[in-house]
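S.K.:
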Amino acid sequence: MESKTISVFLMTIGMLSSLCCGSEKKDIGLQGIDDLKTKQYAVEGQNLYLQYCSNCHQKDGSGLKQLIPPLAGADYMLSDVKNTVYLIKNGIKGEIVVNGTAYNQPMPSNPDLTNLEIAQITTYIYNVWGNHKGLIDLETVDASLNPPKPNQ
Amino acid sequence: MIKPTLLLFMVIVSLQLGCSGPSRDTETLPILGNKYAEEKFINGDTLIDTVYHQIAPFKLVNQDGDTVTNETVKGKVYVADFFFTSCPTICPIMKKEMLRVYEKFENSPDFKILSHTIDPEYDSVALLKDYALRLGIENSKTWNFLTGDQEQIFELGQTSYLTTAMENKNEPGGFLHSGAFVLVDQSGRIRGVYDGTKEKQVNRLINDIPKLLKKDGVKNN
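So the sequence lines, in the order shown, correspond to chains A and B.
The first sequence runs 72 to 223 under the numbering used here.
The second sequence runs 63 to 283 under the numbering used here.
What follows is the structure, encoded as structure tokens:
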């Protein structure tokens, strides 16, 4: 009887605390990645993304109104990995059109990011929020950043 | 042995306290900044009056080219912040959070938002208008994006709003500024300072604004 009462209390506490405080939202983005190396890159990439990118592009890649373009489901980004790598490193100025909307906010360069870090960030943003591009490896980043420059 | 129902009651009460803290809805907001006691002679009597920190008079221009002064916000509750349109760091997240404040109170006639650019040489009226429109702010009825004399804006930030706003070549974008949202009451007094980059702090701001709006029309609340 005593132990039954205690277990009922424990269950009640558990239920109440989950009701009251709510539970942290699980990030299902990374869990959807099956390939181990892609996942390793994406995990590191997520940390870097939160540090370097999410102030503007937001944690969920949704962007900000017509000021900052989205990354989630963004045709501009998905159509050209090399260009994305190039502008993470070098920034971009002037108007671009993403999913039919024109954006014209300069993006700063990130000269301190190493090629590996850019590979990790790129792998992250290309494999979450409904994007499924797979691993963006170091060779791809090296090739994208070394001359000749992509046409802008 | 304590009765199970009593225990259950205690558990519920303690959990609710633990989660939400004491009810914040009825609490009065503090008046922030330095204050001093001033002696006044009225009808031969010496009275001690407390003088609170107030936002100093200012004259700036908004995204529609209209002049905005402290008279514009007299009798209004408003939130002030400092940013610049080419800011590569915390400004977009601040604007995302400020949009939540805007969407909540845009229809309150006695509420305003003043976003001051700290890069007025670059952030012209036209550029601020474009920035505001891109954020979905069609007019300056509630949300004013302000530009003007840079020295005045820096001084306003530092000495009136008690927040950091200055030029610094070593910072990304060339300016150093805090992400503070400063809540100001009908009499130009600071009633709260919140980190505009933190969702939870902005939730607190959204919760605090009605406490001041309720007192609209009451002098020296």
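The beta-carbon is built from N, C-alpha and C at its ideal position, and this holds for glycine as well.
This one's a predicted model, so the numbers in the text were calculated from it and none came from an experiment.
Measuring straight from C-alpha to C-alpha, what distance separates N181 of chain A and Q191 of chain A?
M.R.: By 1-based counting over the first sequence, the position of residue 181 of chain A is 110. By 1-based counting over the first sequence, the position of residue 191 of chain A is 120. The straight-line gap from Cα to Cα measures roughly 14 Å.
S.K.: Does any residue of chain A bring its CB to less than 8 Å from the CB of Y193 of chain B?
M.R.: As a first step, residue 193 of chain B must be located in the second sequence, where it is residue number 131. It does: the Cβ of Y193 of chain B has a partner Cβ on chain A nearer than 8 Å.
S.K.: Using a cut-off of 8 Å between C-beta atoms, extract the partners of I159 of chain A located in chain B.
M.R.: Stepping through the first sequence from its first residue, residue 159 of chain A is reached at position 88. Going along chain B, no residue has its Cβ under 8 Å from I159 of chain A, so there is no contact; the nearest lies around 13 Å.
S.K.: So if I threshold CB-CB distances at 7 Å, which residues from the segment 145-160 of chain B count as touching chain A?
M.R.: Cβ contacts with chain A come from S148, P150, T151, I152, P154, I155, K157 and K158.
S.K.: List the residues of chain B whose Cβ lies closer than 7 Å to the Cβ of N126 of chain A, in chain order.
M.R.: Your numbering for residue 126 of chain A matches position 55 in the first sequence. Per Cβ cutoff of 7 Å: T151, I152, P154 and I155.
S.K.: Under a CB-based cut-off of 8 Å, is D98 of chain A close to chain B?
M.R.: Translated into positions along the first sequence, residue 98 of chain A becomes position 27. Caution is warranted here: a pLDDT of 49 is assigned to D98 of chain A, below 50, making its placement in the model unreliable, and the coordinate value is therefore given only provisionally. For D98 of chain A, the answer is no, since every Cβ of chain B falls outside 8 Å of its Cβ.
S.K.: What does the alpha-carbon distance come out to for the pair I225 of chain A and Y120 of chain A?
M.R.: Since the first and last residues shown for chain A are 72 and 223, residue 225 of chain A lies out of range.
S.K.: Compute the Euclidean distance between the alpha carbons of Y140 of chain B and I175 of chain B, then round it to the nearest angstrom.
M.R.: Locating residue 140 of chain B in the second sequence gives position 78, where the first residue counts as 1. Locating residue 175 of chain B in the second sequence gives position 113, where the first residue counts as 1. Taking the straight line joining both Cα atoms gives about 5 Å.
S.K.: Could you check if E229 of chain B is buried or exposed, using at least 16 other CB atoms within 10 Å of its CB as the buried criterion?
M.R.: Numbered from 1 along the second sequence, position 167 holds the residue referred to as residue 229 of chain B. The residue in question, E229 of chain B, is exposed, as its Cβ has fewer than 16 Cβ neighbours within 10 Å.
S.K.: When the cut-off is 8 Å and only beta carbons count, does Q137 of chain A lie next to chain B?
M.R.: Against the first sequence, residue 137 of chain A aligns to sequence position 66. So, interface residue.
S.K.: Does Q117 of chain A come within less than 8 Å of chain B when only Cβ atoms are used?
M.R.: Here residue 117 of chain A is taken as the residue at index 46 of the first sequence, counted from 1. Taking Cβ atoms only, chain B never reaches closer than 8 Å to Q117 of chain A, which makes this a no.
S.K.: G293 of chain B versus chain A: which residues are under 8 Å apart at the beta carbon?
M.R.: The requested residue 293 of chain B does not occur in the structure, where chain B is confined to residues 63 to 283.
S.K.: List the residues that DSSP assigns as beta-bridge partners of E217 of chain B.
M.R.: For the purposes of this step, residue 217 of chain B is taken as residue 155 along the second sequence, with counting starting at 1. According to DSSP, which records beta bridges pairwise, E217 of chain B is partnered with nothing at all.
S.K.: Could you check the C-alpha separation between I215 of chain B and I207 of chain A for me, to the nearest Å?
M.R.: The residue you call residue 215 of chain B lines up with position 153 of the second sequence. The residue you call residue 207 of chain A lines up with position 136 of the first sequence. Going by the C-alpha atoms only, they are around 45 Å apart.
S.K.: Between the alpha carbons of I252 of chain B and V244 of chain B, how many angstroms are there, rounded?
M.R.: Taking the first residue of the second sequence as position 1, residue 252 of chain B is located at position 190. Taking the first residue of the second sequence as position 1, residue 244 of chain B is located at position 182. Computed Cα separation, rounded: 7 Å.
S.K.: Can you pull out the residues from the segment 225-242 of chain B whose beta carbon lies closer than 7 Å to at least one beta carbon of chain A?
M.R.: Those would be P234, in chain order.
S.K.: Between which residues of its own chain and V113 of chain B is the CB-CB distance below 7 Å, once the five residues before and five after are set aside?
M.R.: Reading the second sequence from its first residue, position 51 is the one you call residue 113 of chain B. K97, Y98 and E100, listed in sequence order.
S.K.: Can you give the Cα-Cα distance for L274 of chain B and K130 of chain A, rounded to whole angstroms?
M.R.: Within the second sequence, the letter at position 212 stands for residue 274 of chain B. Within the first sequence, the letter at position 59 stands for residue 130 of chain A. Computed Cα separation, rounded: 32 Å.
S.K.: Measure from the alpha carbon of L218 of chain B to the alpha carbon of each residue in B:I110, B:E133, B:E89 and B:A142, then state which is nearest.
M.R.: Start at 1 with the first residue of the second sequence, and residue 218 of chain B comes out as number 156. For the residues B:I110, B:E133, B:E89 and B:A142, the minimum Cα distance to L218 of chain B belongs to B:A142.
S.K.: Counting only beta-carbon separations shorter than 8 Å, does K129 of chain A have a partner in chain B?
M.R.: Here residue 129 of chain A refers to the residue found at position 58 when the first sequence is read from its first residue. A small fix is needed here, since residue 129 of chain A is Gln in this sequence, not Lys. Yes, because at least one Cβ of chain B sits closer than 8 Å to the Cβ of Q129 of chain A.
S.K.: Taking C-beta to C-beta, are A188 of chain B and F207 of chain B nearer than 8 Å?
M.R.: Here residue 188 of chain B corresponds to residue number 126 of the second sequence, with the count starting at 1. Here residue 207 of chain B corresponds to residue number 145 of the second sequence, with the count starting at 1. No, these two residues do not count as a Cβ contact at 8 Å.
S.K.: Hey, could you find the ends of the alpha helix (DSSP H) A99 of chain B is sitting in?
M.R.: Position 37 of the second sequence, counted from the first residue, corresponds to residue 99 of chain B. Counting along the chain, A99 of chain B falls outside any alpha helix (DSSP H), though it belongs to the beta strand (DSSP E) covering K97 to I104.
S.K.: Let's see if you can read the secondary structure: which residues bound the alpha helix (DSSP H) around F167 of chain B?
M.R.: Here residue 167 of chain B corresponds to residue number 105 of the second sequence, with the count starting at 1. C153 to F167 is the extent of the alpha helix (DSSP H) around F167 of chain B.
S.K.: With A113 of chain A and Y195 of chain A assumed to form a contact (beta carbons below 8 Å), what rounded beta-carbon distance in angstroms separates them?
M.R.: Taking the first residue of the first sequence as position 1, residue 113 of chain A is located at position 42. Taking the first residue of the first sequence as position 1, residue 195 of chain A is located at position 124. Rounded, the Cβ-Cβ distance is 5 Å, consistent with contact.
S.K.: For K289 of chain B, does the count of other Cβ atoms within 10 angstroms reach 16, so buried, or fall short, so exposed?
M.R.: Limits of chain B in this structure are 63 at one end and 283 at the other, which puts residue 289 of chain B out of reach.
S.K.: Checking the sheet assignment: what are the DSSP bridge partners for H239 of chain B?
M.R.: Residue mapping note: residue 239 of chain B aligns to position 177 of the second sequence, counting from 1. Paired residue(s): B:A227.
S.K.: Using alpha carbons as the reference points, say which of A:E166, A:T109 and A:Q122 lies closest to Y147 of chain A.
M.R.: Position 76 of the first sequence, counted from the first residue, corresponds to residue 147 of chain A. Closest by alpha carbon: A:E166.
S.K.: Determine whether the Cβ of G171 of chain A lies closer than 8 Å to any Cβ atom of chain B.
M.R.: Along the first sequence, read from residue 1 onward, the residue named residue 171 of chain A stands at position 100. No, because no Cβ of chain B sits closer than 8 Å to the Cβ of G171 of chain A.
S.K.: I152 of chain B to S177 of chain B, Cα distance in whole Å?
M.R.: Counting from one through the second sequence, the residue named residue 152 of chain B turns up at place 90. Counting from one through the second sequence, the residue named residue 177 of chain B turns up at place 115. Distance between the alpha carbons of I152 of chain B and S177 of chain B is about 14 Å.
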